[in-house]
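Chains as they are written, first to last, in numbering that gives the first Met the number 0: chain H, 0 to 148; chain V, 0 to 148. The beta-carbon is built from N, C-alpha and C at its ideal position, and this holds for glycine as well. Worksheet for the structure shown next.
Number of protein chains: 2
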Amino acid sequence: MPTTEAVVRTNAGLAAELRVGVMRLRRRLALERHPENDLSLGQMAVLGLLLRRGELTIGELARLERVQPPSMTRTVSCLEQLGHVARGPHETDGRVVVVTLTERGREVVLADRSRRDAWLAVQLAHLTPDERATLRRAAPILDRLSQAD
Amino acid sequence: MPTTEAVVRTNAGLAAELRVGVMRLRRRLALERHPENDLSLGQMAVLGLLLRRGELTIGELARLERVQPPSMTRTVSCLEQLGHVARGPHETDGRVVVVTLTERGREVVLADRSRRDAWLAVQLAHLTPDERATLRRAAPILDRLSQAD
DNA sequence: TGGGAATGCTTAGCGGGGCTAACGAGTTAC
DNA sequence: GTAACTCGTTAGCCCCGCTAAGCATTCCCA
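What follows is the structure in structure tokens.
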């Protein structure tokens, strides 16, 4: 029976470990919803993108989150119903829908994010500086991996 | 507008980056289902546990995956229907259900895992040795984070 | 300039997989 | 013997991926 350390020395072993770790951590993060807020992980991600990059189309949001358009349509519709986001027409292209953050959405995402990340930030504070440094380097790599073909 | 690097210097910023990265990578990994196999991420995780640790009860599986019992009941039922797993009685405690890997389940999980992790392993091979080393160190930290309260 | 191809979004519907609430069967403690 | 607890299940909710198919709109080209 190989130990975890030995298994992780191969790429396949590292792949398996990463898969399980990523899966479990996401599950844990999804759980961290405050009763008073009703933003899901996917909604958070979209509001975060709009906050950082200004208005975006449905298609751009879908590509950035690596999701199929129908999935993004649904998320945006939900956010629109909540009043956090507004749909608008494109200046020149009648097919395109432009999504913008409403003022209320801006407030909500900032407040919500700080609450939501509070749990994880606390856990991070319990790690050693070395471990935090590892995660700092790992985070962008994970994101890049998710964008690979 | 702060750059990503600056944001990640704080624990809250790192938390946000990790959240997004983990979310996206899990999505990407869940997508990597081969048409010929019908094992989902959750099913893989359970079969992997049984492969490594032998027979386990529903409750043990739920605790190990950090899932509520009803969720594990459903996953195990599905695996049982597929013939990859068998439910059995506990020796002394009539309440407990013991789950074991069938011979077929054993074969399937090994074949499936290698196919499933193939994509990720290829991506890992494209990274620099330094980046791979970072992920090797990060993987167990992610898993530990997922187990925190 | 008219018409087919391409593009952007939506609708409909499927499935995985989390959760809580409530309950029955079995066990334990008193 | 009975009350309290524990394990697993059922029922039902929600999130959030996906594909297939359809409707506008735009683009391109004969």
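When secondary structure is reduced to three states using DSSP, T99(V) falls in the strand class. For Q42(V) and E16(H), the gap between their C-alpha atoms comes out near 15 Å. With respect to chain V, the C-beta atom of I140(H) has a partner C-beta closer than 7 Å.
Taking C-beta atoms as the reference points, G82(V) and R103(V) count as a pair closer than 7 Å.
R135(H) carries a helical assignment under DSSP once its states are collapsed to helix, strand and coil. According to DSSP, residue pairing for G87(V) in a beta bridge involves V97(V). With a threshold of 7 Å between beta carbons, M22(H) makes contact with chain V. Where L63(H) is concerned, the enclosing alpha helix (DSSP H) starts and stops at 57 to 64. In chain order, A11, A14, A15, R18 make up the part of chain H whose C-beta sits under 8 Å from the C-beta of D116(V). Secondary structure of G20(V) (DSSP, three-state): helix. With a threshold of 7 Å between beta carbons, R136(V) makes contact with chain H. Three or more Cβ pairs drawn from the region 129 to 141 of chain H and the region 14 to 28 of chain V lie within less than 8 Å of each other, which places the two stretches in contact.
In chain H, no part has a C-beta under 8 Å from the C-beta of Q80(V); the shortest such distance is about 22 Å. T99(H) is classed as exposed because its beta carbon has fewer than 16 other beta carbons within 10 Å across all chains shown. Relative to S39(V), the option among A85(V), R73(V), R131(V), G93(V) whose CA is nearest is R73(V). Distances from the CA of T56(H) to each of D37(H), P88(H), G47(H) were compared; the closest alpha carbon is that of P88(H). In this structure, the CA atom of Q146(V) is about 16 Å from the CA atom of E130(H). Using beta-carbon distances, Q67(V) does not count as an interface residue toward chain H, since no partner is under 7 Å. Contact annotation for E106(V) against chain H: no contact, minimum CB-CB distance about 17 Å [criterion: below 8 Å]. Within the same chain, Cβ atoms closer than 6 Å to the Cβ of A85(H) are found at T99, T101, the five residues on either side in sequence being excluded.
DSSP places L46(H) in the uninterrupted alpha helix (DSSP H) bounded by 40 to 52. A direct Cα-Cα distance of roughly 28 Å separates G47(V) from A14(V).
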